[in-house]
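K.L.:
Number of protein chains: 2
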Amino acid sequence: MMTKTLSVCVVGGTGAEGSGLAMRWARAGHRVTIGSRDPAKAEAAAAELNQKLGKPLICGAASSDAVTGADVVVLTVPYAAQMPTAEGLKDVLDGKILIDVTVPLVPPKVSRVQLPPTDSCVVALQAALGEGVKVVSAFQNVSAHKLKDPDKVIDCDVLVAGDDKEARAVAIRLAGDAGLRGIDAGPLANSVVAEALTSVLIFINRTYKIPDAGIRITGLGETPAA
Amino acid sequence: MMTKTLSVCVVGGTGAEGSGLAMRWARAGHRVTIGSRDPAKAEAAAAELNQKLGKPLICGAASSDAVTGADVVVLTVPYAAQMPTAEGLKDVLDGKILIDVTVPLVPPKVSRVQLPPTDSCVVALQAALGEGVKVVSAFQNVSAHKLKDPDKVIDCDVLVAGDDKEARAVAIRLAGDAGLRGIDAGPLANSVVAEALTSVLIFINRTYKIPDAGIRITGLGETPAA
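Sequence lines, in order, name chains A and B.
Under my numbering, residues 1 to 226 are what the first sequence spells out, in order.
Under my numbering, residues 1001 to 1226 are what the second sequence spells out, in order.
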């Protein structure tokens, strides 16, 4: 599992975060499909990314078809779209790993942590989808605009939380393949740190007038991957 | 305010986290008092720290007396003692800055985030004490055993959250005076990140077999203070 090429479907891959991850994974050798409710939109997004990559590596398809053919599904949609999008794909998600990148930002105060009643919106997603889907939380704190440039070195770690250890390992591998350092952050309940941290990073960006605050875990005694 | 010597009372300064901070602040020139319900215990703790420091810099006193004479009060007690300790000092805390270091760990699963109903236990403290006390959240993620050695360089930032900007600035200054880099993390609601992060760091310590995982905020474009 850990060395083979993966089929990765990015649902929400037409946005900045999803398209950046899609390009990085395609360059790392994975088969990447952009999924969108509108297949024409997905194909257009894939064509645009392929132009940036200079090679036809990424496909676009209707989300349900893209998910069906994938080993790993990555959800990169706005908070308001997270639950309806995932519930609409529940049947085809069964048995798969779903990496949820959703941050529960509540506009307009996006620099203030405002957790949902379940604390973690990814925990809520796991509850809605049931145990048949292995939900993992990751990538909430990575700057979308740095991801978009596939050559950009990103000074940020990826906290990976989930109740299935093998699924966490897949997400950690995909973080590495995107040029990031994935760190095992434990059970899905621990996802709340990454989900809440994005608001703190937005606050820090505004307060210190910097574009892309991120985090590094220290004490691991190794050079962070980049 | 920002350049003068501060009178700092550490309530819970007989513990590892509190005593490490007390020593570092005393060495930085602040007047530091250890507060404990039992004044004899506070005096004994102060004597022990003074021996380590090689100078009689720190005093011990009953918490209520120590708080009365302080500009800034720092609460470093276990979660279960946080609310009763602070409520017992409510009258003398009025008008002061209270830096709360409490982490809402729920044994035995301390590596799993288990937030209280209010999400942040520091937000709950502010609500209990009322607006007369300027509550700031800080220092939750700093290794107590590294703090204890006042010469140890600590590779960890301090997220400082609070609803009063000047009070946050005092905590950021005290982080710097303890050899750490304090970072303005915004309103008190944002404290939940630091409170939850400690469980994630405990998980990382166990999983990667390291003693002291910490965090750094990246993107600030300056060498972290140490």
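Think of the CB as a built atom: it goes at the ideal place given N, C-alpha and C, for glycine as much as any other residue.
Can the beta-carbon of SER1063(B) be found less than 9 Å from the beta-carbon of SER1019(B)?
P.N.:
With respect to the 9 Å criterion, SER1063(B) and SER1019(B) are not classified as neighbours on the basis of their beta carbons.
K.L.:
Measuring alpha carbon to alpha carbon, tell me which residue in LEU21(A), GLY214(A) and MET83(A) is nearest PRO253(A).
P.N.:
Since the first residue shown for chain A is 1 and the last is 226, residue 253(A) is missing from the structure and cannot be characterised.
K.L.:
Of all Cβ atoms in chain B, is any one closer than 9 Å to the Cβ of ASP155(A)?
P.N.:
yes
K.L.:
Got a sec? Which residues, its chain only, sit under 6 Å from ALA185(A) by beta carbon, not counting five neighbours each side?
P.N.:
For ALA185(A), where only same-chain residues beyond five positions count, the Cβ hits under 6 Å are LEU159, VAL160 and ALA161.
K.L.:
Using beta carbons (cut-off 9 Å, strictly below), is MET1(A) in contact with chain B?
P.N.:
The predicted position of MET1(A) is uncertain, since its pLDDT is 45 and thus under 50; a value taken from the coordinates is nonetheless stated next. No, MET1(A) lies away from the interface with chain B (no Cβ there is under 9 Å from its Cβ).
K.L.:
What are the residues in the segment 1175 to 1188 of chain B lying within 9 Å of chain A by C-beta distance?
P.N.:
ILE1183, ASP1184, ALA1185, GLY1186 and PRO1187
K.L.:
Where does ALA62(A) fall in DSSP's three states?
P.N.:
strand
K.L.:
Between which two residues does the alpha helix (DSSP H) holding ALA47(A) run?
P.N.:
39 to 53
K.L.:
How would you call ALA213(A), buried or exposed, if buried means at least 16 neighbouring beta carbons within 10 angstroms?
P.N.:
Taking all protein chains shown into account, ALA213(A) has 16 or more neighbouring C-beta atoms within 10 Å of its C-beta and is therefore buried.
K.L.:
Within this structure, are the beta carbons of ALA70(A) and CYS9(A) separated by less than 9 Å?
P.N.:
yes
K.L.:
May I ask which residues mark the beginning and end of the alpha helix (DSSP H) holding CYS1121(B)?
P.N.:
1121 to 1129
K.L.:
Buried or exposed: where does PRO104(A) fall if 16 or more other Cβ atoms within 10 Å of its Cβ makes it buried?
P.N.:
buried
K.L.:
Just the chain A side, please: which residues come within less than 7 Å of ASP1212(B) by C-beta, in chain order?
P.N.:
GLY219
K.L.:
Give me the Cα-Cα distance between LYS96(A) and GLY15(A), rounded to the nearest whole angstrom.
P.N.:
22 Å
K.L.:
Name the residue from GLY182(A), VAL170(A) and VAL106(A) whose alpha carbon lies nearest to the alpha carbon of PHE139(A).
P.N.:
GLY182(A)
K.L.:
For GLY1029(B), which residues of its own chain have a beta-carbon under 6 Å away from its beta-carbon, when the five flanking residues on both sides are left out?
P.N.:
THR1005
K.L.:
Would SER304(A) pass as an interface residue toward chain B - the criterion being a Cβ-Cβ separation below 9 Å?
P.N.:
Because chain A in this structure spans residues 1 to 226, residue 304(A) falls outside the shown range and cannot be described.
K.L.:
Taking the beta carbon of PRO240(A) as the centre, do at least 16 other beta carbons fall within 10 Å, making it buried, or is it exposed?
P.N.:
Absent from the model: residue 240(A). The displayed extent of chain A is 1 to 226, so no value can be given.
K.L.:
Taking DSSP as the reference, what is the three-state secondary structure of SER1111(B)?
P.N.:
In the structure shown, SER1111(B) sits in coil (DSSP, three-state: anything other than H, G, I, E or B).
K.L.:
Using beta carbons (cut-off 9 Å, strictly below), is ALA1161(B) in contact with chain A?
P.N.:
yes
K.L.:
Apart from the five residues on each side of it in sequence, which residues of its chain come closer than 8 Å, Cβ to Cβ, to THR223(A)?
P.N.:
For THR223(A), the predicted structure reports a pLDDT of 47, less than 50, and the residue's modelled location is therefore unreliable. A value from the coordinates is still provided. Closer than 8 Å at Cβ, skipping near neighbours: no residue.
K.L.:
To be precise: take each residue of the segment 1112 to 1137 of chain B, compare its Cβ to all Cβ atoms of chain A, and keep it if any distance is under 9 Å. Which residues remain?
P.N.:
With the criterion set as a beta carbon lying under 9 Å from some beta carbon of chain A, the members of the segment 1112 to 1137 of chain B are ARG1112, VAL1113, GLN1114, LEU1115, ASP1119 and SER1120, in sequence order.
K.L.:
Considering only their Cβ atoms, is the gap separating ALA189(A) from SER120(A) smaller than 9 Å?
P.N.:
yes
K.L.:
In this structure, what does DSSP give as the bridge partners for ASP1184(B)?
P.N.:
VAL1160(B).
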